[in-house]
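**Q** One structure is given below, represented as C-alpha cells, and several questions about it will come after.
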Amino acid sequence: PPVDTFDYIVFGGTGDLTMRKLLPALYYRFRDGQVPADARIIATARSPLSRGEYQDRARQALQEHIPPASLEADTVTRFIELVHYVSLNGAEAQSNWADLRGLLDQEPETRIRVYYLATSPALYGQICENLSKQNLITEQSRVVLEKPIGTDLQSANAINDSVGRHFPENHIFRIDHYLGKETVQNLITLRFANPVFERLWTSDAIDYVQITAAETVGVEGRGAYYDRSGCLRDMIQNHLLQVLCLVAMDPPVSLDADSVRNEKLKVLHALKPIRPSDVAIYTSRGQYMRGHVNGQTVGSYLEDLGEGVTSETETFVALKAEILSWRWGNVPFYLRSGKRMAEKCSEIVIQFKSAPWTIFANRPAANRLVIRIQPDEGVMLSVSTKDPTPTDSLSLREADINIEFEKAFNIRYPDSYERLLLDVVRGDPILFIRRDEVEAAWKWIDPILQGWSKNEAPLEPYPAGTWGPEGARNLLAQSGHLWHEDM
Ligand code: BG6
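Numbered per UniProt numbering, the sequence shown finishes at 491, counting up by one with no gaps.
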C-alpha cells in the first residue's frame, strides 16, 4: 500500500547521491505502488535550472542507474511529473526561499515534509536554521542527515547541536545505508527467530567474528572528500560498527525502534577502548599502490588523487575490537574494510569453536556461518559430513548448507535506500542512528585516530587487487586466527 502523501525536499538535488541513489530508489517504490500519485519530490541546488531542465537530468539519471527492463516508459513519465526544482542556496538566508515556500504552501500544512540534506555536513546547521527562520518546519516535518556526521566527537556534537536546535530528536533521521541492506536487517530475524543460532550466540560456542566490507573501486572522483576522511571515518565508524552492533547485541524487548537502539548502544558502550599507544597492537592501516583489479592495471591512491600529491590517508583498515560483556568475553570481533581489494564483498563470518574431543581420525573442521551482505545475499553454514568416497575407514569432508535469497525467494533485492527513504515518511526510525549512538561510536574511534596521528601504527602499502597489507594478516595470526579467504 502507498505511504501517506509527502513532499520530499532534497538539498543537494544535482549531486551524485541524488542522481545515483535517491531518484532511482524513489522510482522503484513509485513503480511498486508505494509512492502516492500526488507526492512531490522537490530538488534544490544552486544551479539555475528550470523545472524542465532538471526533469531531463532526473530522467537521464534513471536511464543510467536502472536496468532497461525495469524502466517502463509510461511509469517513468508519471514519476518525472512528481519532480520539481527550486534553484536555492540552502545555506544562505537571503536566497530564493520564496519559491520553495510558494511550492510548499500549495499543499496543506498537515502534509508530511521530509528535508533530505544531501550536502556537505558543514551546511546542515545553516540549512536547518534557514528552514526555521522561513517558518518551513511544520509539526509533520522531518530531516534526514547523510553521513559523515562530523570527523570526530567534537565536530559531531556541533552538527547534532545545530540541527537539534530546530528539530526534535525523533524527527531527525541519521541515515546509514548499511542498515537498509536486506541481509543486515535479516540479522535480527536470523538471530531472534531461530533459536538454533541464538542459543549458540555466545563465547561458549563462538571463537571469533569477522566483519568485512571490501570494495574493488578506488576513490573514484571523491578524492577531495576521501582524503580528509579515510577508511576509518568513511566505513568503520558508521557502517561496520552498526553491523557489529546488530551481530553482538542482546535480544531487544520488542521491535520498537528505541528498544533496538538501546541494545545497540550497550554494545558500543561495552567496546574495550583502544588507547592511542595501543593502536599498533589492535589496528592495521594501509594505502593502495599500483596493482591489478579484475584483470586491469590500476594506479595507486596517490596517482588517483592527482599529480605531485602526498597523503597519509588510509584506504584500508583492519582492527580487533573486544566487547567487555558476559556474552562476548574473549571473542575478538575483527573488522576490516578497504578500497581496491581483491573482490567486492561484504560479509560476516561467525567462526565457531571446534569440538573439545574427537572420535574421528581426521579432526573435524569447526563450523562456520557466513552471512553474505553483498553481492549474492545469503547465508552459508559449513558442516562436516561423512566422505562418501568408498574406503574402509570413516573419514570426514566439509560441505556447505547454502541459501541464496534472491534464488530462494525469486525476488529482486531492493537497494538499501529504497526502504530507508519511505521509513522516514512512515516516521519509523528503527533503521536510523540515534544521536547517542553517533557519540558512542566517535568516542571509541577518536583515540585510534589520535594514535595514528602520532604514527603509533605505520601506514603500510598494499598492491591494488589484494586483501590488504601484511599487518592485517598478522593481526589475526597473533591469536592463531585466519581471514576468511585464508581458511
Ligand atoms: C559509503 C562510502 O558510505 O559507502 C563509500 O562513503 C563506499 O566510500 C560506500 O564506497 C560503500 O557502499 P556499498 O553499499 O557499495 O557497500
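All C-beta atoms, glycine included, are put in the ideal place defined by N, C-alpha and C.
Please work out which residues of its chain come closer than 8 Å, Cβ to Cβ, to A476, disregarding the five sequence neighbours upstream and downstream, and give them in chain order.
**A** As a first step, residue 476 must be located in the sequence shown, where it is residue number 472. Hits under 8 Å: S288, G290, F320, A322, R340, W487.
**Q** Should residue 2 be listed as close to the ligand BG6, given that the test is whether its C-beta is under 6 Å from any heavy atom?
**A** Since the first and last residues shown for the chain are 5 and 491, residue 2 lies out of range.
**Q** In the structure shown, what three-state DSSP assignment does R331 receive?
**A** Translated into positions along the sequence shown, residue 331 becomes position 327. DSSP places R331 in coil when its eight states are reduced to three.
**Q** With distances taken from CA atoms, which of V7, P6, Q482, V383 is nearest A412?
**A** Indexing the sequence shown from 1 puts residue 412 at position 408. The candidate whose alpha carbon is nearest that of A412 is V383.
**Q** Compare the beta carbon distance of T48 and G17 with 7 Å and say whether it is the shorter of the two.
**A** On the sequence shown, position 44 is the one that residue 48 refers to. On the sequence shown, position 13 is the one that residue 17 refers to. T48 places its beta carbon less than 7 Å from that of G17.
**Q** Going by alpha carbons, who is nearest to N459 out of T155, P280, T142?
**A** As a position in the sequence shown, residue 459 is number 455, starting the count at 1. Looking at the Cα atoms, P280 is the closest of the given residues.
**Q** Where does P473 land, buried or exposed, given buried means 16+ other C-beta within 10 angstroms?
**A** As a first step, residue 473 must be located in the sequence shown, where it is residue number 469. Buried, because 16 or more other Cβ atoms sit within 10 Å of the Cβ of P473.
**Q** From which residue to which residue does the beta strand (DSSP E) around P467 run?
**A** Mapped onto the sequence shown, residue 467 falls at position 463. P467 -> beta strand (DSSP E) spans 463-467.
**Q** Using the beta-carbon count (16 or more within 10 Å), is F10 buried or exposed?
**A** As a position in the sequence shown, residue 10 is number 6, starting the count at 1. Counting Cβ neighbours within 10 Å, F10 comes out buried, since at least 16 surround it.
**Q** Inspect the CB distances between the segment 428-440 and the segment 175-184 and report whether three or more fall short of 8 Å.
**A** Segments in contact, yes.
**Q** Is G475 a contact residue of the ligand COA, with contact defined as CB to any heavy atom under 6 Å?
**A** Among the ligands modelled here, namely the ligand BG6, the ligand COA does not occur.
**Q** Check the C-beta distance from T220 over to R344 and give it rounded, since I have them as a contact under 8 Å.
**A** Taking the sequence shown and counting its residues from 1, the one referred to as residue 220 is at position 216. Taking the sequence shown and counting its residues from 1, the one referred to as residue 344 is at position 340. Yes, T220 and R344 are in contact; Cβ-Cβ is about 7 Å, under 8 Å.
**Q** Hey, which unbroken runs of the alpha helix (DSSP H) at 4 residues or more fall wholly within the segment 215-266?
**A** Counting only runs of 4 or more, we get 227-233, 245-252.
**Q** Just how far apart, CA to CA, sit D490 and V387?
**A** If you number the sequence shown from 1, residue 490 lands on position 486. If you number the sequence shown from 1, residue 387 lands on position 383. When rounded, the distance between both Cα atoms is 18 Å.
**Q** Hey, V247 and I352 are a contact pair by Cβ (cut 8 Å); roughly how many whole angstroms apart?
**A** Position 243 of the sequence shown, counted from the start, is the residue given in the question as residue 247. Position 348 of the sequence shown, counted from the start, is the residue given in the question as residue 352. Indeed they touch by this definition, with Cβ atoms about 7 Å apart.
**Q** Could you have a look at A322 and say whether DSSP puts it in helix, strand or coil?
**A** Stepping through the sequence shown from its first residue, residue 322 is reached at position 318. Here A322 sits in strand by DSSP.
**Q** For a test of the three-state rule: what should DSSP assign to L86, helix, strand or coil?
**A** Start at 1 with the first residue of the sequence shown, and residue 86 comes out as number 82. DSSP places L86 in coil when its eight states are reduced to three.
**Q** Which whole-angstrom value describes the C-beta separation of A29 and L435, a residue pair presumed to lie in contact below a C-beta threshold of 8 Å?
**A** As a first step, residue 29 must be located in the sequence shown, where it is residue number 25. As a first step, residue 435 must be located in the sequence shown, where it is residue number 431. No, A29 and L435 are not in contact; Cβ-Cβ is about 14 Å, not under 8 Å.
**Q** If I'm right that Q241 touches A445 with Cβ under 8 Å, what's the distance once you round it to whole angstroms?
**A** The residue you call residue 241 lines up with position 237 of the sequence shown. The residue you call residue 445 lines up with position 441 of the sequence shown. Confirmed, about 5 Å.
**Q** State the CB to CB distance for the pair I278 and P451, rounded to an integer number of angstroms; the pair is presumed to be in contact (CB under 8 Å).
**A** Position 274 of the sequence shown holds residue 278. Position 447 of the sequence shown holds residue 451. Indeed, because the Cβ distance is near 6 Å, the residues count as touching under 8 Å.
**Q** Determine the direct distance from the alpha carbon of L244 to that of A252, and round the result to whole angstroms.
**A** Indexing the sequence shown from 1 puts residue 252 at position 248. Indexing the sequence shown from 1 puts residue 244 at position 240. So the alpha carbons of these two residues sit roughly 12 Å apart.
**Q** My output table needs one value for L400: the three-state DSSP class, helix, strand or coil.
**A** Position 396 of the sequence shown, counting from 1, holds the residue named residue 400. Three-state DSSP puts L400 in a strand.
**Q** Distance, Cα to Cα, N366 vs S399?
**A** One-based indexing of the sequence shown puts residue 366 at position 362. One-based indexing of the sequence shown puts residue 399 at position 395. Roughly 7 Å between the two C-alpha positions.
**Q** State the beta-bridge partners of F337 as determined by DSSP.
**A** Working through the sequence shown from its first residue, we reach residue 337 at position 333. Note: F337 sits in a beta bridge opposite V213, A325.
**Q** Does D432 come out as helix, strand or coil in the three-state DSSP assignment?
**A** In the sequence shown, the residue the question calls residue 432 occupies position 428. DSSP places D432 in coil when its eight states are reduced to three.
**Q** Using the three-state DSSP reduction, which class does A369 fall into: helix, strand or coil?
**A** Numbered from its first residue, the sequence shown carries residue 369 at position 365. Coil.
**Q** Considering only residues of the same chain and omitting the five flanking positions on each side of G469, which have a CB-CB separation below 7 Å?
**A** What you label residue 469 is simply residue 465 of the sequence shown in a count that begins at 1. G295, H296, V297, R344, A346, listed in sequence order.
**Q** Just the C-alpha distance for M239 and V374, rounded to the nearest angstrom, thanks.
**A** Along the sequence shown, read from residue 1 onward, the residue named residue 239 stands at position 235. Along the sequence shown, read from residue 1 onward, the residue named residue 374 stands at position 370. Distance between the alpha carbons of M239 and V374: 20 Å.
**Q** Within this structure, are the beta carbons of P52 and S99 separated by less than 7 Å?
**A** Taking the first residue of the sequence shown as position 1, residue 52 is located at position 48. Taking the first residue of the sequence shown as position 1, residue 99 is located at position 95. Contact flag unset, no.
**Q** Quick check: what's the CA-CA separation for L453 versus N478?
**A** Stepping through the sequence shown from its first residue, residue 453 is reached at position 449. Stepping through the sequence shown from its first residue, residue 478 is reached at position 474. If I take the Cα positions, the gap works out to 20 Å.
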